[in-house]
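When we follow UniProt numbering, the leftmost residue of the sequence shown carries the number 1, and every step to the right adds one.
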Amino acid sequence: MVGRRNILSGHHNGNKNNEQFDKYQRVDLEHGYGAINPLKPKQRFRDAIEATVRDNRANEMKQKLIDNVDHDALEVYRKSEESLKSIKNKKVRAFYEEQNQRLDDWAEVDMVVSSLADDIVDSMNPRDPDHDGVAEDRGPLGSSGEDLEPFLPEEEREKRRKSARSVKWAININVIVNILLLGAKGVAAIWSNSLSLIASLVDSALDLLCTIIIWITNRLVGWRIESLKKKFPIGRRRLEPIGILVFSIVMVISFLQILQESIKKLLPSGEHDVAMLPPAAIFAMVATIVVKGTIWIGCARVKTTQVQALAQDCKTDVYFNTLSLLFPLIGAHLDVWWLDPLGAAGLSLFIIYDWACTCFENVARLTGEAADARVERKMMFMAYRFAPLVEGFKSLKCYHAGDGVCVEIDVLMNEGTPLRRCHDIAETLQYCLEGLKEYEARKLRSSVHHLSVQYELLKHENEGLKEALQHKKKHRKKGKALDLQQRQEYHGGSVFWSPRKLREARAREAVRERDETEEKLQKARSKKQREEARLQRQDELEERRVERQRLKEMRELERAEKAAERARQKEERDAAKAIQLPQKGKRRASAATSSNNKRQKRVEAARAGAQVQEEPPAPPSKLTSRGRNVNLPSKYR
């Protein structure tokens, strides 16, 4: 037994009878009592078998997770930037770029598993050194409040902190720039009556409003999140797509009004004045294009939903302000009044379409749209990292819950796996999934929906049920009464069970059973013979049928050959006739038969008949002694 027994040493009363001292003081010493050093009751014997087995199991689990994939072997398939630039075929280059992205995702999964698995598994086994029922050492996760970021590598943590700072700076700069541009465009719109410039002013006002909405939602996501933990158990991350949804709806409705005003001006009843842009308006428009273009380039690198929405807004502003500047200038130069409202209408339609797509995209994500293939492949690789610990995976679902992604994995475990090990594997997989970053600063929420031990359990249960249902209770066979052939009643009906009669009855029963067995065997043999005879008859009938079929085919073949021969001969005769017919001259008509010739032919025929009748009869045939006819040759007659 692995363990250690702690006994207080140095206790001796000075008496010579140590055996008596040990006899009466051993229990007190082991429990911490004694006259020299009295202590509170403590458990002074600790069995370390359970802790050792638990530690070995945890180390085995961590080793399987860490050694599952050799990432250095995968890096062989990565293409460098120089190699990608040297590839001329666009499709081939796109393939290798996608392969590099996949390797990046796998490297991220390996990093998360390697850095988190050790601490997560240790957190599943809280320590209670003093055995008072309270775990003093709750593990790394318990000490950090289940925050996974401190356990990631320093490089990854710095990367995520930098991404969070980039998001914060991008939103704040957008707010400040939109305020300045709104003021500049307001002054320019006062000095000009251009409808395109007014539309650009409205666009800037809406940009400022929507940027403030995004700024407020970004602040609310992290505001008092710890104090409101019970009210919002999974956080308020879904405020971000809701803010973008409101942003999109406001933009669409506003530009519907601009489109309406542009159509009114294009109608015959509208104002047909040529819009003129003053220098201040031109300067404001150019400044807007330059500033928004710069922000667009900067925000395009930050892969978060909010910053991407701001980048889309900056891109829209660049297009809109560029065309809003060109349409009035071209219209004034060519003296065309309808170019300005027509351009405003076209820009309004473009922006309405762009923001409507953004609106529907966020609605789809809020309603549980499936994640893209890249995220699903990443989650699948994460599940594959846990393959040595489980029997298999039944299903994997990745879908959006706002900006984040929910992951549901059905894990198949062996029926003999302890519940504690199943729990540790599922929790480790869940924490590793939560440790992944999805689009940099976005937290990936996961839900290992249910641990499916059911495959093996249900299989075992079904087999047991089938066996129980099909099993029939064995009844005890009743013994058969032996016929002692006691046909007469003696002494008032009493029967004498003599050993001789019992032996004779048993012998008769054995003979009867042997006869029954022989009869059954004979019936079985007869049945087998009948079956063999039936099979033999079937074989003979089949052979006859095959022979008849063969003869029929031969006859049909002969008939076909004869028909072909007749056809050939007919063709030859027809060909000969065709050759002889032209060689013959004109056929002469036969002379008419005179009545004298007919009369002469009748006389000749009558004379010939008379001669035939006058021939003598044939002599009678000769018979032999046995009555047989003898036909002699004519020369012996």
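Glycine included, each C-beta is placed from N, C-alpha and C at the ideal position.
Span of the alpha helix (DSSP H) around residue i
i, result
"residue 386", "Where residue 386 is concerned, there is no enclosing alpha helix (DSSP H), given that its DSSP letter is neither H nor E."
"residue 346", "339-366"
"residue 499", "499-580"
"residue 269", "Taken as a continuous stretch (DSSP letters only), residue 269 belongs to no alpha helix (DSSP H), as it is neither H nor E."
"residue 421", "419-435"
"residue 82", "81-86"
First through last residue of the beta strand (DSSP E) which encompasses residue i
i, result
"residue 410", "404-412"
Exposure label - residue i; buried when at least 16 CB within 10 Å
i, result
"residue 631", "exposed"
"residue 237", "buried"
"residue 385", "buried"
"residue 550", "exposed"
"residue 554", "exposed"
"residue 279", "exposed"
"residue 431", "buried"
"residue 498", "exposed"
"residue 112", "buried"
"residue 91", "exposed"
"residue 240", "buried"
"residue 170", "buried"
"residue 248", "buried"
"residue 255", "buried"
"residue 312", "buried"
"residue 365", "buried"
"residue 89", "exposed"
"residue 539", "exposed"
"residue 533", "exposed"
"residue 358", "buried"
"residue 62", "buried"
Test item: CB-CB of residue i and residue j under 8 Å
i, j, result
"residue 176", "residue 310", "no"
"residue 163", "residue 181", "no"
"residue 258", "residue 189", "no"
"residue 347", "residue 320", "yes"
"residue 302", "residue 166", "yes"
"residue 285", "residue 325", "yes"
"residue 395", "residue 410", "yes"
"residue 266", "residue 338", "yes"
"residue 388", "residue 64", "yes"
"residue 295", "residue 173", "yes"
"residue 74", "residue 116", "no"
"residue 307", "residue 314", "no"
"residue 340", "residue 331", "yes"
"residue 55", "residue 374", "no"
Residues bridged to residue i (per DSSP)
i, result
"residue 400", "405"
"residue 381", "According to DSSP, which records beta bridges pairwise, residue 381 is partnered with nothing at all."
"residue 370", "399"
"residue 392", "412"
Of the listed residues the options, nearest to residue i (C-alpha basis)
i, options, result
"residue 506", "481, 420, 529, 162", "481"
"residue 369", "538, 400, 534", "400"
"residue 638", "57, 109, 53", "Because the chain in this structure spans residues 1 to 637, residue 638 falls outside the shown range and cannot be described."
"residue 397", "413, 389, 415, 378", "378"
"residue 77", "57, 107, 262, 318", "107"
"residue 393", "425, 419, 363", "425"
"residue 251", "216, 508, 211", "211"
"residue 198", "559, 231, 261", "261"
"residue 100", "89, 79, 88, 87", "79"
"residue 53", "428, 502, 546, 421", "421"
"residue 289", "105, 185, 244, 336", "185"
"residue 415", "318, 436, 391, 407", "391"
"residue 362", "243, 269, 428, 317", "243"
"residue 406", "433, 417, 514", "433"
"residue 178", "158, 206, 187", "206"
"residue 383", "340, 436, 333, 318", "436"
"residue 718", "519, 403, 300", "Residue 718 lies beyond the range of the chain shown here (1 to 637); nothing can be said about it."
"residue 66", "428, 269, 191, 201", "428"
Short CB-CB distance (under 8 Å) between residue i and chain D
i, result
"residue 321", "Structure shown: chain D not included; a single protein chain is present."
Residue i Cβ short of 7 Å to the ligand FMN heavy atom set
i, result
"residue 191", "Questions concerning the ligand FMN fall outside what the structure shown contains, since it holds no ligand whatsoever."
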